[in-house]
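K.L.:
Could you have a look at this structure, given as structure tokens, before my questions?
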Amino acid sequence: MFIRSFIFNAIFYGWTLLCCILFLPVLILPRFFILKTTKIWIYGVVWICENILGLHIKVVGQERWLISPAIFAVKHQSAWETLIFHYFLVDSSIVLKKELVWIPFFGWYIKKLQMVPLSRSKNKGMQDLKNLLRAAEEAIRKGRPIVIFPEGTRSIPGQKTTYHSGIASIYLHLKIPVIPIAHNAGLFWPRRGFMKYPGCITLELLEPILPGLTRQEFMRVLENRIETKTNELMNQGI
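Residue numbers for the sequence shown follow the numbering used here, so the first one is 156 and each next one is one higher.
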């Protein structure tokens with residue numbers, strides 16, 4: 156497994172770096188072109204996962220990708236789920252930590268893709284919330300689905316983490332459905348881990364949470380749906 160993981164990591168990071176360099180001229184072109192090149196990159200990533208690592212994807216509830224407008228609230232276990240939404244969605248607006256914007260090459264593409272960087276500084280909480288709501292509103296106005304990780308950071312499989320209420324603010328502000336998403340990617344692509352494992356990641360789009368709940372009701376329903384299904388998928392994947 157070590158050799159396979161080594162080969163996979165070398166090819167994955169090599170492919171990503173190659174794309175970042177080759178597609179640099181696209182950064183000065185209209186945004187349409189960066190969406191096309193991002194598709195080339197993520198299709199390559201999926202191919203590498205399947206053919207080098209032996210890691211496949213099973214999606215349950217695929218019809219829910221078509222719900223629009225929508226917010227996709229995703230369980231956060233690994234780097235895998237931060238990448239894969241470029242594969243399934245045409246032009247998603249992903250809420251991510253602001254530090255990623257400052258990574259050379261990678262950060263430039265994040266800016267061009269018009270993602271939503273979010274500072275984790277407690278001193279800027281209210282201003283960040285205003286920026287988040289403004290960016291979310293703009294994304295929906297342009298027909299872009301929003302992808303957010305309510306836990307804010309990756310968790311170890313089976314670990315209980317806090318769900319942050321920023322997503323509730325978006326839900327209450329925009330009054331659109333939230334689709335909870337559970338998966339078991341942490342079993343095969345652990346956070347901060349060198350080792351990657353073959354198998355089949357199950358990604359399940361759960362029943363949408365419709366507008367009309369209070370903040371407390373929404374957070375309770377969201378966490379319960381994601382955690383219950385995630386635990387079920389984790390047990391199936393072991």
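Backbone N, C-alpha and C fix where the C-beta goes; we use that ideal spot for every residue, glycine too.
At which residues does the alpha helix (DSSP H) containing C174 begin and terminate?
P.N.:
157-177
K.L.:
What number of angstroms, rounded off, separates the C-alpha of E306 from the C-alpha of L184?
P.N.:
Distance between the alpha carbons of E306 and L184: 35 Å.
K.L.:
Along the chain, which unbroken stretches of the alpha helix (DSSP H) at least 4 residues long are found entirely within the stretch 304-376?
P.N.:
321-329
K.L.:
Mind the definition here: the stretch 358-372 touches the stretch 202-219 only if three or more C-beta pairs lie below 8 Å; say whether that holds.
P.N.:
yes
K.L.:
When you compare the stretch 321-336 with the stretch 344-354, are there three or more beta-carbon pairs, one atom per stretch, that lie closer than 8 Å?
P.N.:
no
K.L.:
Pull up the distance between the alpha-carbon of V227 and that of P300, whole angstroms please.
P.N.:
The sequence given here has Phe at residue 227, not Val. So the alpha carbons of these two residues sit roughly 7 Å apart.
K.L.:
Using CA atoms only, rank isn't needed, just tell me which of I381, E387, T171, V333 is closest to G367.
P.N.:
Cα-wise, what sits closest to G367 is V333.
K.L.:
Which whole-angstrom value describes the C-beta separation of N312 and I381, a residue pair presumed to lie in contact below a C-beta threshold of 8 Å?
P.N.:
The residue asked about is misnamed: residue 312 is Pro in this sequence, not Asn. Not a contact, Cβ separation roughly 13 Å.
K.L.:
Can you tell which of I176, F373, P345, S160 has the C-alpha that lies nearest to the C-alpha of W263?
P.N.:
Taking only the C-alpha atoms, the option nearest W263 is I176.
K.L.:
In three-state DSSP terms, what is K213?
P.N.:
strand
K.L.:
Based on the DSSP secondary-structure assignment, which residues constitute the bridge partners of F227?
P.N.:
Looking at the DSSP output, F227 sits in a beta bridge with V302, I334.
K.L.:
If I'm right that D246 touches L288 with Cβ under 8 Å, what's the distance once you round it to whole angstroms?
P.N.:
With a contact defined as Cβ atoms closer than 8 Å, D246 and L288 miss out at about 20 Å.
K.L.:
With distance defined between alpha-carbon atoms, name the residue in L284, H231, W235, C174 nearest to T317.
P.N.:
H231
K.L.:
Tell me, please, which residues DSSP counts as bridged to V250.
P.N.:
V271
K.L.:
Applying the criterion that 16 or more other CB atoms from any shown protein chain within 10 Å of the CB defines a buried residue, is P272 buried or exposed?
P.N.:
buried
K.L.:
Let's test the definition: count the other Cβ atoms within 10 Å of the Cβ of K145 and tell me whether it reaches 16, buried, or not, exposed.
P.N.:
This structure does not reach residue 145, given that the chain is present from 156 up to 393, and the question cannot be answered.
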